[in-house]
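Engineer:
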Ligand code: SF4
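Numbering (our numbering), first residue to last: 16 to 344.
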């Protein structure tokens, strides 16, 4: 695929959440959820954002939509720094930027029929004349593999996978330019996961969608993403075209995550790299490389100096001192 222009540019994004304590409930510390994160998402591209729980990936998704306010950094969407927009101006952009939530059930009002759920999304953004919204709702249901007859059902009458399809239809209702899919399949059974991923993959091609696809495991994003960014403890460790990342990961953390993903070639297995210990507290992350307390290759320099993301191949960047010293994995 030829490289297309950026739709989203994230630069130096930081998010610290205050931790309160003591009798006066004062701020005593900060959770460093996102630390100096920069990346772009190109038009028509799906960028996977992958990491264990506590890596900051969901916070990044919320920051780029301004569902959370960032501590520092900029988010430029289609040439506009949306961090500087007023609430009213941001509402105009909301129509262009949608989210698919992790838990489809929690994100749907149990007392609303699907027709109303989709109708609200259309009315909120003033899309189409009221008389035509029913037709649009039918079109959306069919687009996500459901039927017009199901429009008058309530959310509890659907399976988990069907509810996620409704969540996708609701996000597509406003013809968005950009979607954040926040772990859209992690609450689903494995067999249903594959169906929803295939649906997203088909919709991506059909509608030329631009998407930030957040997931906690590399297996989930493999078939839907053009590029993948791997996050650990609030930072991006590696970002690369999907084919390069799965074929030849550069960063020891990516290698470890990938070692748990089955290869498509029969009989071929990846060498399992088990990570020991838990992800450290984001209140007090390790000095230097934040991955060093679990990295099987850590050296003295890793505690002293923070590795920057550096180019290690075409469109491929990795933040590891050993890579910089010419010792790729
Ligand atoms: Fe491991 Fe050091 Fe590379 Fe960090 S910089 S990933 S600790 S080798």
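From the three backbone atoms N, C-alpha and C, an ideal C-beta is built for every residue, glycine too. In this text, all values refer to a predicted model and were calculated from it rather than measured experimentally.
I want to check one thing, is the minimum distance from the CB of residue 267 to the heavy atoms of the ligand SF4 below 8 Å?
Structural biologist: Here residue 267 refers to the residue found at position 252 when the chain shown is read from its first residue. Flag set: Cβ of residue 267 near the ligand SF4.
Engineer: Opposite residue 26 in the DSSP bridges: which residues?
Structural biologist: For the purposes of this step, residue 26 is taken as residue 11 along the chain shown, with counting starting at 1. In DSSP, residue 26 forms a bridge with 89.
Engineer: Excluding the five sequence neighbours on either side, which residues of its own chain have a C-beta within less than 6 Å of the C-beta of residue 313, listed in chain order?
Structural biologist: As a working note, residue 313 is residue 298 in the chain shown. Here the set comprises 307.
Engineer: Among 49, 33, 48 and 50, which has the Cα closest to the Cα of residue 42?
Structural biologist: Against the chain shown, residue 42 aligns to sequence position 27. Answer by Cα proximity: 33.
Engineer: Kindly examine the ligand SF4 and report whether one of its heavy atoms sits closer than 8 Å to the Cβ of residue 300.
Structural biologist: Counted from its first residue, the chain shown places residue 300 at position 285. No, since every heavy atom of the ligand SF4 falls outside the 8 Å radius drawn around the Cβ of residue 300.
Engineer: Using CA coordinates, which residue listed in 299, 275 and 244 is at the minimum distance from residue 285?
Structural biologist: Indexing the chain shown from 1 puts residue 285 at position 270. Nearest option by C-alpha distance: 275.
Engineer: Taking the runs of the alpha helix (DSSP H) that are 4 residues or longer, which of them lie wholly in the region 38-97?
Structural biologist: Listed in chain order, the complete alpha helix (DSSP H) runs (minimum 4 residues) inside the region 38-97 are 72-79.
Engineer: When a residue counts only if its C-beta is closer than 5 Å to some heavy atom of the ligand SF4, which residues count, in chain order?
Structural biologist: Output, sorted by chain position: 267, 304, 306, 307, 310, 312, 313, 317, 322, 335, 336 and 337.
Engineer: Determine, using beta carbons only, whether residue 31 and residue 86 come nearer to each other than 9 Å.
Structural biologist: Within the chain shown, numbered from 1, the residue matching residue 31 stands at position 16. Within the chain shown, numbered from 1, the residue matching residue 86 stands at position 71. Contact: yes.
Engineer: By Cβ distance below 6 Å, which residues in the same chain neighbour residue 215 in space, the five residues on each side in sequence not counted?
Structural biologist: Residue numbering aside, residue 215 sits at position 200 when the chain shown is read from its first letter. 239.
Engineer: Please confirm if the region 73-85 is in contact with the region 314-330, defined as three or more CB-CB distances below 8 Å between the two stretches.
Structural biologist: Taking 8 Å as the limit for Cβ pairs, the verdict is that the region 314-330 does not touch the region 73-85.
Engineer: Is the beta carbon of residue 170 sitting closer than 9 Å to the one on residue 116?
Structural biologist: What you label residue 170 is simply residue 155 of the chain shown in a count that begins at 1. What you label residue 116 is simply residue 101 of the chain shown in a count that begins at 1. No. Outside cutoff.
Engineer: Could you check where the alpha helix (DSSP H) with residue 219 kicks off and where it finishes?
Structural biologist: On the chain shown, residue 219 is found 204 positions in, with the first residue counted as 1. Here the alpha helix (DSSP H) through residue 219 covers 205-222.
Engineer: Compute the distance between the beta-carbons of residue 176 and residue 203, then report whether it is under 9 Å.
Structural biologist: As a working mapping, residue 176 is identified with position 161 in the chain shown. As a working mapping, residue 203 is identified with position 188 in the chain shown. Contact: yes.
Engineer: Per DSSP, what are the beta-bridge partners of residue 246 in this structure?
Structural biologist: One-based indexing of the chain shown puts residue 246 at position 231. In DSSP, residue 246 forms a bridge with 251.
Engineer: Can you tell me the Cα-Cα spacing of residue 273 and residue 218, whole angstroms?
Structural biologist: As a first step, residue 273 must be located in the chain shown, where it is residue number 258. As a first step, residue 218 must be located in the chain shown, where it is residue number 203. For residue 273 and residue 218, the distance between alpha carbons rounds to 26 Å.
Engineer: Around the C-beta of residue 72, are 16 or more other C-beta atoms found within 10 angstroms, so that it is buried, or is it exposed?
Structural biologist: Within the chain shown, residue 72 is the residue found at index 57, counting from 1. Residue 72 should be labelled buried.
Engineer: Quick one: give me the first and last residue of the beta strand (DSSP E) that residue 306 is part of.
Structural biologist: Here residue 306 refers to the residue found at position 291 of the chain shown. Here residue 306 belongs to no beta strand (DSSP E), and DSSP marks it neither H nor E.
Engineer: How would you write the range of the beta strand (DSSP E) that residue 327 sits in, first residue to last?
Structural biologist: Counting from one through the chain shown, the residue named residue 327 turns up at place 312. From DSSP, the beta strand (DSSP E) with residue 327 extends over 325-328.
Engineer: Less than 9 Å between the beta carbons of residue 133 and residue 152, yes or no?
Structural biologist: In the chain shown, the residue the question calls residue 133 occupies position 118. In the chain shown, the residue the question calls residue 152 occupies position 137. In this structure, residue 152 lies closer than 9 Å to residue 133 by Cβ.
Engineer: Tell whether a beta-carbon distance below 9 Å holds between residue 324 and residue 229.
Structural biologist: Position 309 of the chain shown holds residue 324. Position 214 of the chain shown holds residue 229. No. Outside cutoff.
Engineer: What first and last residue would you give for the beta strand (DSSP E) that runs through residue 195?
Structural biologist: In the chain shown, the residue the question calls residue 195 occupies position 180. Note, residue 195: beta strand (DSSP E), 193-197.
Engineer: For residue 338, count neighbouring C-beta atoms within 10 Å of its own C-beta (all shown protein chains included) and say buried if the count is 16 or more, exposed if not.
Structural biologist: In the chain shown, residue 338 corresponds to position 323, counting from 1. With 16 or more other Cβ atoms within 10 Å, it is buried.
Engineer: Under 8 Å by Cβ, that's how I've got residue 298 and residue 46 pegged, so tell me the actual separation to the nearest angstrom.
Structural biologist: Position 283 of the chain shown, counting from 1, holds the residue named residue 298. Position 31 of the chain shown, counting from 1, holds the residue named residue 46. Right, the Cβ-Cβ distance comes to about 6 Å (below 8 Å), so this counts as a contact.
Engineer: Drop a sphere of 10 angstroms on the beta-carbon of residue 336, count the other beta-carbons inside from all chains shown, and report buried for 16 or more, exposed for fewer.
Structural biologist: Here residue 336 refers to the residue found at position 321 of the chain shown. Result: buried.
Engineer: Does the beta-carbon distance from residue 237 to residue 244 come in below 9 Å?
Structural biologist: Along the chain shown, one-based indexing puts residue 237 at 222. Along the chain shown, one-based indexing puts residue 244 at 229. Contact flag unset, no.
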